[in-house]
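Here is the structure we will look at.
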Amino acid sequence: MSKLLALRIDVDTLRGTGRGVPALCELLADFKVRGTFYFSVGPDNMGRHLWRLLKPQFLWKMLRTNAAGLYGPEIVLMGTAWPGIKIGRHCRAAIAEAAKIHEVGFHAWDHHYTQANLMSMDEKKIRRELDRGLAELRAIADISVASSAAPGWRANDLWLKIKAEYPFVYNSDCRGRTPFFPLVGTEKLSQLQIPVTLPTYDEVLGRNGVTDASYNDYQLSLLRENELNVLTIHAEAEGGRCRDQFAAYLREALRRGYRVITLGEAAEIFAPHAAAGRIVLGDFPGREGKLALQDGAL
Numbered sequence: 011m012s013k014l015l016a017l018r019i020d021v022d023t024l025r026g027t028g029r030g031v032p033a034l035c036e037l038l039a040d041f042k043v044r045g046t047f048y049f050s051v052g053p054d055n056m057g058r059h060l061w062r063l064l065k066p067q068f069l070w071k072m073l074r075t076n077a078a079g080l081y082g083p084e085i086v087l088m089g090t091a092w093p094g095i096k097i098g099r100h101c102r103a104a105i106a107e108a109a110k111i112h113e114v115g116f117h118a119w120d121h122h123y124t125q126a127n128l129m130s131m132d133e134k135k136i137r138r139e140l141d142r143g144l145a146e147l148r149a150i151a152d153i154s155v156a157s158s159a160a161p162g163w164r165a166n167d168l169w170l171k172i173k174a175e176y177p178f179v180y181n182s183d184c185r186g187r188t189p190f191f192p193l194v195g196t197e198k199l200s201q202l203q204i205p206v207t208l209p210t211y212d213e214v215l216g217r218n219g220v221t222d223a224s225y226n227d228y229q230l231s232l233l234r235e236n237e238l239n240v241l242t243i244h245a246e247a248e249g250g251r252c253r254d255q256f257a258a259y260l261r262e263a264l265r266r267g268y269r270v271i272t273l274g275e276a277a278e279i280f281a282p283h284a285a286a287g288r289i290v291l292g293d294f295p296g297r298e299g300k301l302a303l304q305d306g307a308l
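At position 21 of the sequence shown (counting the first as 1) the number is 31 in my numbering, and the numbers step up by one without a gap.
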């Protein structure tokens, strides 16, 4: 097996879609590589995460990453004093242009609402979020959407079972080590899971001595030969303040012989040999709250 690096790009906000996506498309074109963009297309209500500042772990993350500087001042304003702006409606061109070259998947209708409430959402609410978001994304990009990624790596058995009724070929809902087919009870679902294997910028910055100056070296040290490496970047970060840093990372990964692929390409390579496994909830370094994890992989 060659050296593989699957690139996942999460797009959570109005700013990330309107500014970060075009910047990343330009950067990826310079390197002649493609990635998988996961779009949130409904209201940008990310400012409603402010209540989480009462939780010490989330407050520390916001401080060590300088979240306002990283994501822009909108991160603390969107959807607080007024209804959030509809991302898909205002950024149709950016999404449609990305879809011409890159793989596009579904992230969320309302990213904040889904991330904050998914664990307690009933079937009706889950279907509403999926139906509204998929309809909007398909109308914008005029494509079939072959994959999805749960916001904030929050997922449970109900979420997985309902998504299994939608025409997704694969999903990326959890953190782990290798692609697998999820088990819900005794049922093996047919939609492959491609876990994110590498930490994100905001998870490691300011922890264990990692600084902006040492971040790329740290990330590159985690790459594993003869296994699938899956990196998540964010349009708000790597398409903004961290753009030059990400360009340097990509340049060095390519120099080392890693082939950058989409998650869809990874699914084609690994699905024929993937085993069954379970998703469980647990703590994850650098993140607040319980995340969906590949059982036994971390």
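Ideal placement from N, C-alpha and C gives every residue a C-beta, glycine not left out.
As the structure is a prediction and not an experimental result, all values here were calculated from the model.
For A126, the enclosing alpha helix (DSSP H) starts and ends at 121 to 127. Contact between I97 and V51 holds: their C-beta atoms lie close to 5 Å from each other, under 8 Å. The beta carbons of N226 and E262 sit about 7 Å from each other, so the pair counts as a contact at 8 Å. If you draw a straight line from the Cα of H121 to the Cα of L24, it is about 11 Å long. In its chain, beyond the 5 residues on either side, F256 have a beta carbon closer than 6 Å to the beta carbon of E248. With a threshold of 16 other beta carbon atoms within 10 Å, N55 meets it and is buried.
Judged by DSSP in its simplified three-state form, V51 adopts coil rather than helix or strand. Taking the Cα positions, P32 is about 26 Å away from G267. When the beta-carbon positions are compared, F178 and A156 come within less than 8 Å of each other. Of the residues assessed, R164 falls on the buried side of the cut-off, its CB having 16 or more other CB atoms within 10 angstroms. By the Cβ neighbour-count rule, I204 is buried, with 16 or more other Cβ atoms within 10 Å of its own.
Across the structure, I279 and P93 are spaced so that their CA atoms are roughly 43 Å apart.
In the DSSP secondary-structure assignment, G115 is bridged to Y48. Ranked by Cα distance from R44, the options G143, H112, R251 are led by H112.
The Cβ atoms of L37 and L241 lie no closer than 8 Å to each other.
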